[in-house]
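Following: one structure in structure tokens, then a few remarks.
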Amino acid sequence: MDTLRHLLSPPRHQLRHRPPFGKLWAAFLALFLFPAAAPAATDCRIAVLGDSLVAGYGVATAEAFPARLAAALEAAGYGHCEVIDAGVSGDTSAGGRARIDWVLADRPTHLLLELGANDALRALPVDQLRDNLAFIVERARAAGVAV
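Under mature numbering (1 follows the signal peptide of the UniProt record, and there is no 0), the residues of the sequence shown are numbered -40 to -1, 1 to 107, in order.
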């Protein structure tokens, strides 16, 4: 047994001058065994709540506003932002109001609101439009979403 220990251990004179590889190796292993928390895949989620102008009625999905916004953000160096398409063709402000909790369930950090054109086309009361938009904005802000 003594011979085996002698073969596996360096001579005593080398022990005093041995470089600190053991400590470096331990630090290297620690990096892999205990990695730092990975950053979130996205730190910005932009929900676009709107009507056919958002949904892209009549155009290819890649040409719809959310896809074009995502491409513009990517080109500007904001590729970490996810764009959530919450557009419904024909939607009014009342429809947006009814869907705001569904949109907020996706946990957006920002909300772009594009509603009102169909309210005007249907000659709905302006007060109703104002109330619905105010409700949506208040609900989003209460959830910590920038509008």
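Where is the CB? At the ideal position from N, CA and C, for every residue including glycine. Quick caveat: nothing in here was measured; it's all calculated off a predicted structure.
V8 sits in a strand when the DSSP states are folded into three classes. When secondary structure is reduced to three states using DSSP, G47 falls in the strand class.
By the CB criterion at 7 angstroms, D91 and D51 fall outside the cutoff. Put simply, the stretch 36 to 50 does not touch the stretch 82 to 89. Fewer than three CB pairs are less than 8 angstroms apart. Scanning the stretch 5 to 92 from its first residue to its last, the whole alpha helix (DSSP H) runs of 4-plus residues come out as 12 to 15, 25 to 35, 53 to 64 and 77 to 81.
With contacts defined as CB atoms closer than 7 angstroms, V43 and L29 qualify as a contacting pair. With fewer than 16 other Cβ atoms from the protein chains shown falling within 10 Å of its own Cβ, D3 counts as exposed.
By the C-beta criterion, the stretch 7 to 24 is judged to be in contact with the stretch 66 to 74, since at least 3 inter-stretch pairs fall below 8 angstroms. By the CB criterion at 7 angstroms, G56 and I96 fall inside the cutoff. Secondary structure at A106: strand, using DSSP grouped into helix, strand and coil.
Distance from the CA of G18 to the CA of A106, rounded to the nearest whole angstrom, comes to 30 angstroms.
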